[in-house]
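Novice: What follows is a single structure, and I will ask about it in a moment.
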Amino acid sequence: MTKYFRFIYLTALVPVLLAGCTGEATRHLPEGAVYLTEPTTYSPHAGVICDEPGEGLADACFDRYGISLGLTGVYLGHAAQDRVMAMIKEAGDSFNSSLFTLSDGVTCDAKRRKCWHGRANPDYGTPAPRHTKALFGS
25 MTKYFRFIYL TALVPVLLAG CTGEATRHLP EGAVYLTEPT TYSPHAGVIC DEPGEGLADA
85 CFDRYGISLG LTGVYLGHAA QDRVMAMIKE AGDSFNSSLF TLSDGVTCDA KRRKCWHGRA
145 NPDYGTPAPR HTKALFGS
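Rendered as structure tokens:
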């Protein structure tokens with residue numbers, strides 16, 4: 025494991041460890057992260073959106089290509105990464121990593137490089153400019 029990866033991994037774990045010590049279940053975003061839809065959807069840095077819906081749904085992070093196992097592991101931990109991998113395996117060949125709907129109801133299409141509210145065709149949905157900018161920079 026490289027020093028850089030260990031630093032990111034340990035930095036991501038510190039808030040989790042601290043929350044465990046205080047008995048609080050408060051979410052601590054990485055420094056510089058911005059909520060897109062509080063409290064579940066946020067951008068830890070440009071080009072990444074993480075979604076933590078809770079209630080038994082899969083927590084995951086996404087980049088401009090779609091769902092990212094690597095970023096999910098870094099920001100949400102190995103357990104979340106394992107759940108996403110299981111979901112991908114269960115879906116099999118029908119899994120489309122580039123088209124996804126977040127828990128706040130925003131759908132993003134990595135191929136079209138845009139996000140919109142709702143599951144409808146993006147040509148008819150309401151644009152989601154904050155999500156689009158956070159993920160694709162435009």
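So for the sequence shown, my numbering puts the first residue at 25; every next one is plus one. We treat Cβ as the ideally placed atom computed from N, Cα and C, and that holds for glycine.
Would you identify the three-state DSSP class for leucine 100, choosing helix, strand or coil?
Specialist: As a working mapping, residue 100 is identified with position 76 in the sequence shown. Here leucine 100 sits in helix by DSSP.
Novice: Quick check on the burial criterion: 16 or more other C-beta atoms within 10 angstroms. Buried or exposed for threonine 125?
Specialist: As a position in the sequence shown, residue 125 is number 101, starting the count at 1. It counts as exposed.
Novice: CA-CA distance, serine 67 and proline 151?
Specialist: Translated into positions along the sequence shown, residue 67 becomes position 43. Translated into positions along the sequence shown, residue 151 becomes position 127. Taking the straight line joining both Cα atoms gives about 18 Å.
Novice: If I'm right that threonine 64 touches proline 77 with Cβ under 8 Å, what's the distance once you round it to whole angstroms?
Specialist: For this step, residue 64 is matched to residue 40 along the sequence shown. For this step, residue 77 is matched to residue 53 along the sequence shown. Yes, threonine 64 and proline 77 are in contact; Cβ-Cβ is about 5 Å, under 8 Å.
Novice: Using the Cβ count rule (16 or more neighbours within 10 Å means buried), how would you classify alanine 110?
Specialist: Reading the sequence shown from its first residue, position 86 is the one you call residue 110. Answer is exposed; the Cβ neighbour count stays below 16.
Novice: Please tell me whether isoleucine 73 and leucine 93 are closer than 8 Å, where the distance is taken between their beta carbons.
Specialist: Taking the sequence shown and counting its residues from 1, the one referred to as residue 73 is at position 49. Taking the sequence shown and counting its residues from 1, the one referred to as residue 93 is at position 69. Cβ distance not < 8 Å, so isoleucine 73 and leucine 93 don't count as in contact.
Novice: Hey, how far is the Cα of histidine 69 from the Cα of glycine 116?
Specialist: Looking up residue 69 in the sequence shown gives position 45. Looking up residue 116 in the sequence shown gives position 92. Roughly 30 Å separates the two Cα atoms.
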